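Mind the numbering: the sequence shown is residues 5 to 158 in our numbering, read in order. Glycine included, C-beta positions come from ideal geometry on N, C-alpha and C. Note that the structure is a prediction, hence the values are computed from the model and not measured. Notes follow once the structure below has been shown.
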Amino acid sequence: MTNHYHLLIETPNANLSRGMRYLNGVYTQWENRQMKRAGHIFQGRFKSILIERDSHLLELTRYIVLNPVRAKMVRSPREWRWSSYRATAGQTAVPDFLTVTWILEQFGNTRLRRIAAHRKFVRQGKGAKIWDQLQRGHLLGTEEFIAQIPPLLN
């Protein structure tokens, strides 16, 4: 992506805004020094979406790795060098900062079966439209999940 990125983060603490400010700020400073320029690199502020893990998280992981394919920047998710796809698909080592265990555990009982099933799952998702299910602008999950959230925000 030329003006944004997708990042799936699970945070047990309410510190996402601080973390994103740090990530975007440090990267922007580094990039601007490298390119001898000033100003913003990414389009707008980050957007966070609260996702129900059991019902929608896998679909979101698929959406993220297929985003460069949908944008016609690459033909396959394995071609996008900044993607987690190759590590999840068993094509490269998993970096320390990346967790792929939960995703792969959803697809079988052996490592090879999990990887093969995950690759198939991604291939089958090119036309999926996850954002059609977004509710209240920032919630993705079942009706029961959506109903539980407002009282927690007060």
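Residue closest to residue i, alpha-carbon to alpha-carbon, out of the options
i: Ile107; options: Arg79, Phe50, Arg22 and Val69; result: Val69
i: Gln47; options: Leu20, Thr32 and Asn113; result: Thr32
i: His122; options: Ala91, Ile134, Trp135 and Val73; result: Ala91
i: Ala75; options: Gly141, Asn19 and Lys130; result: Lys130
i: Leu102; options: Asn7, Leu12, His8 and Met5; result: Leu12
CB contact flag (residue i, residue j, <8 Å)
i: Ile150; j: Gln139; result: yes
i: Leu153; j: Leu54; result: Checking the sequence, you will find Ile at residue 153 rather than Leu. Cβ atoms of Ile153 and Leu54: closer than 8 Å.
i: Arg66; j: Val126; result: yes
i: Gly132; j: Glu63; result: What sits at residue 132 in the sequence shown is Ala, not Gly. Yes. Within cutoff.
Helix, strand or coil at residue i according to DSSP, with G and I counted as helix
i: Leu108; result: helix
i: Leu54; result: strand
i: Gln128; result: coil
i: Leu144; result: strand
Neighbour-count burial assignment, residue i, 16 or more Cβ in a 10 Å radius
i: Ala93; result: buried
i: Tyr89; result: buried
i: Gly145; result: buried
Ranges of the alpha helix (DSSP H) found wholly within the region 65-104, counting only runs of at least 4: 89-92
Quick check for students: name the residue ranges of the alpha helix (DSSP H) that lie wholly in the region 14-48, counting only runs of 4 or more. 20-39
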